[in-house]
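*Asks:* The structure's right below; bear with me while I get my questions together.
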Amino acid sequence: MALTEVEKLGAKLDADIAEHTHVPSESTTSLPGSHTSPPSSDPERSHSQDASPTSGPRIGDVKPPVLHRVRSDAPLSRTIGDWVEDVDKQYEPVHVGGFTTDFLEIRRPRKRALVHRHFVVLVHGVDGDETDWTNVHAQLKARHPEVCVLIPSVNVGRTSEGVDACASRLALFVQDHVLPDSAISFIGHSFGGVIARACVVRLERNGFLLDKSLKNFISIATPHVGIRECSPAVRVGAHILKRRTGSDLLVNNDRLLTLTEAKSLMAMARFNNLVAYGNLANDPLVGCRTALLLDDIPKDLAEQAKMLPGRPVEVPTERLDLACRVWDREPFRTWDDSGRSAHVRQMLQRLNTLHWRRYVVFFPSFLRAHTNIVWHGKLDVQGEGQHVVRHIVSEAFTKAF
Numbered sequence: 001m002a003l004t005e006v007e008k009l010g011a012k013l014d015a016d017i018a019e020h021t022h023v024p025s026e027s028t029t030s031l032p033g034s035h036t037s038p039p040s041s042d043p044e045r046s047h048s049q050d051a052s053p054t055s056g057p058r059i060g061d062v063k064p065p066v067l068h069r070v071r072s073d074a075p076l077s078r079t080i081g082d083w084v085e086d087v088d089k090q091y092e093p094v095h096v097g098g099f100t101t102d103f104l105e106i107r108r109p110r111k112r113a114l115v116h117r118h119f120v121v122l123v124h125g126v127d128g129d130e131t132d133w134t135n136v137h138a139q140l141k142a143r144h145p146e147v148c149v150l151i152p153s154v155n156v157g158r159t160s161e162g163v164d165a166c167a168s169r170l171a172l173f174v175q176d177h178v179l180p181d182s183a184i185s186f187i188g189h190s191f192g193g194v195i196a197r198a199c200v201v202r203l204e205r206n207g208f209l210l211d212k213s214l215k216n217f218i219s220i221a222t223p224h225v226g227i228r229e230c231s232p233a234v235r236v237g238a239h240i241l242k243r244r245t246g247s248d249l250l251v252n253n254d255r256l257l258t259l260t261e262a263k264s265l266m267a268m269a270r271f272n273n274l275v276a277y278g279n280l281a282n283d284p285l286v287g288c289r290t291a292l293l294l295d296d297i298p299k300d301l302a303e304q305a306k307m308l309p310g311r312p313v314e315v316p317t318e319r320l321d322l323a324c325r326v327w328d329r330e331p332f333r334t335w336d337d338s339g340r341s342a343h344v345r346q347m348l349q350r351l352n353t354l355h356w357r358r359y360v361v362f363f364p365s366f367l368r369a370h371t372n373i374v375w376h377g378k379l380d381v382q383g384e385g386q387h388v389v390r391h392i393v394s395e396a397f398t399k400a401f
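Per the UniProt record's numbering, the very first residue in the sequence shown carries number 1; after that it's consecutive.
Structure below.
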């Protein structure tokens, strides 16, 4: 039968190899997979073997050991990580010049997911929900896209159950969502600032914060020492409508006082940045003194805030030293005194052992300051609180990474 062109070429190559290759002796070890036979003394037989298209060694017949191959018991996707996709066919053998090598078949890599290392927890106040933080969330992500903003809904519709119950639910939420070895910040509005403080104390005591970096604690119109400076109508309403929470904020029990004990203050002292914002006036729910932890605001700062409506005015630290001395020698004439003023004074003194930065804000809109200061997503449609929120994310907020 006539030989094809390919077979003729193969026979010619075999003849050239046989002519120029040293024939090994019987003691020489053959390459694995080779089909070398002893030389024949019969010239005709030898000629017929050389001429046969199916006899003699072929280039593809001699296969030395594989030069490179990745070995792993784990799937390729788990071995290399998020950079590659799962592949069904991992090896593609290629024969080149008598050698066989394996090449991995790797498809287009997947984009590595962003791993957040700084978590910011936004905590709403009484009867609040996620919409309280619509604008704060947007400004935070625009200014600090690397942070992960968490807006818990665990206390929506349940803020009247007291500090302990709300803080317990928030602590469980934080433990479920914040990664190990990460940074964490809290921003609380109104009663949410008190809940956040109690949550931090719980997380510190159960060891969850041991590997966390505490960056920012920012309170916005938060009644740190209760609402006893509010009008009698507000106090009565809080007592009737808000049950346990009203009792806590009216300082009818020692719950807020326990949050100022030494161990609780040690947890708060771990934050790199403690900031408090408070309304100068027109906030019927949270007064200036309890929000800023001051007995009173110096008159010149009050006038400056009124000249810059809606813009935060910092209370200098040197002015606080004078105010702190007042607590030791004068009674709290501006606070309701029904047997609990001593507790209020004690809480103020303890909380002022921490290093707070304070900002006072004035909103001329009557009774709307409490929601304007947080640029509420539904109630502040005019954007009166935008300067406060932008100040928070640009000046008060410290980036962790």
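The beta-carbon is built from N, C-alpha and C at its ideal position, and this holds for glycine as well.
Could you tell me which of Leu150, Trp356, His118 sits nearest to Glu314, measuring between CA atoms?
*Replies:* The count along the sequence shown starts at 1 and reaches residue 314 at position 314. Glu314 has its Cα closest to that of Trp356, out of Leu150, Trp356, His118.
*Asks:* At a cut of 8 angstroms, does the stretch 389-397 reach the stretch 138-147 through at least three beta carbon pairs?
*Replies:* Yes: the two stretches touch, three or more of their Cβ pairs being nearer than 8 angstroms.
*Asks:* Would DSSP call Asn273 helix, strand or coil?
*Replies:* In the sequence shown, counting from the first residue as 1, residue 273 sits at position 273. Strand, per DSSP.
*Asks:* Could you tell me the boundaries of the alpha helix (DSSP H) in which Asn372 lies?
*Replies:* As a working note, residue 372 is residue 372 in the sequence shown. Start and end: 369-372.
*Asks:* Tell me whether Phe363 is buried or exposed, calling it buried when 16 or more other Cβ atoms sit within 10 Å of its Cβ.
*Replies:* Here residue 363 corresponds to residue number 363 of the sequence shown, with the count starting at 1. Classification of Phe363: buried, given that the 10 Å Cβ count is 16 or more.
*Asks:* Tell me which residue opens and which closes the beta strand (DSSP E) that His391 is part of.
*Replies:* The residue you call residue 391 lines up with position 391 of the sequence shown. His391 -> not in any beta strand (DSSP E); alpha helix (DSSP H) instead, spanning 386-391.
*Asks:* Taking 7 angstroms as the threshold (C-beta atoms), are Glu161 and Arg244 in contact?
*Replies:* Start at 1 with the first residue of the sequence shown, and residue 244 comes out as number 244. Start at 1 with the first residue of the sequence shown, and residue 161 comes out as number 161. Going by C-beta atoms, Arg244 is nearer than 7 angstroms to Glu161.
*Asks:* Given 8 angstroms as the limit, is there contact between the stretch 224-243 and the stretch 364-371, that is, 3 or more CB pairs closer than that?
*Replies:* The stretch 224-243, when compared against the stretch 364-371, does not touch it at the 8 angstroms Cβ threshold.
*Asks:* I need the straight-line Cα distance from Val147 to Val178, nearest angstrom please.
*Replies:* Within the sequence shown, residue 147 is the residue found at index 147, counting from 1. Within the sequence shown, residue 178 is the residue found at index 178, counting from 1. C-alpha separation (whole angstroms): 12 angstroms.
*Asks:* Using 8 angstroms as the threshold, is the stretch 210-227 in touch with the stretch 282-291, meaning 3 or more CB pairs across them?
*Replies:* Taking 8 angstroms as the limit for Cβ pairs, the verdict is that the stretch 282-291 does touch the stretch 210-227.
*Asks:* Which same chain residues end up closer than 6 angstroms to His343 when comparing Cβ atoms and leaving out the 5 residues on each side of it in sequence?
*Replies:* Residue numbering aside, residue 343 sits at position 343 when the sequence shown is read from its first letter. Excluding residues within five positions, the ones whose Cβ falls inside 6 angstroms are Val251, Leu257.
*Asks:* Roughly how many whole angstroms lie between the Cα atoms of Gly278 and Gly246?
*Replies:* What you label residue 278 is simply residue 278 of the sequence shown in a count that begins at 1. What you label residue 246 is simply residue 246 of the sequence shown in a count that begins at 1. Near 20 angstroms, if we compare the C-alpha coordinates of Gly246 and Gly278.
*Asks:* Cβ of Glu229 versus every heavy atom of the ligand ZN: is any distance shorter than 6 angstroms?
*Replies:* Because no ligand of any kind appears in the structure shown, any question about the ligand ZN cannot be addressed here.
*Asks:* DSSP three-state call for Ala183: helix, strand or coil?
*Replies:* Translated into positions along the sequence shown, residue 183 becomes position 183. Three-state DSSP puts Ala183 in a strand.
*Asks:* Would you kindly work out how many angstroms separate the C-alpha atoms of Ala183 and Val286, rounded to a whole number?
*Replies:* Translated into positions along the sequence shown, residue 183 becomes position 183. Translated into positions along the sequence shown, residue 286 becomes position 286. The alpha-carbon atoms of Ala183 and Val286 are separated by roughly 30 angstroms.
*Asks:* Which residue comes first and which comes last in the beta strand (DSSP E) that contains Cys148?
*Replies:* The residue labelled residue 148 in the question sits at position 148 within the sequence shown. Per DSSP, Cys148 belongs to the beta strand (DSSP E) from 148-150.
*Asks:* Short of 6 angstroms in beta carbon distance, which residues of its chain neighbour Met266, apart from the five on each side in sequence? Order them along the chain.
*Replies:* In the sequence shown, counting from the first residue as 1, residue 266 sits at position 266. So the list is empty, once near-sequence residues are dropped.
*Asks:* Figure out for me which residue from Arg311, Asp254, Asp176 has the closest Cα to the Cα of Ser341.
*Replies:* Your numbering for residue 341 matches position 341 in the sequence shown. Answer by Cα proximity: Asp254.
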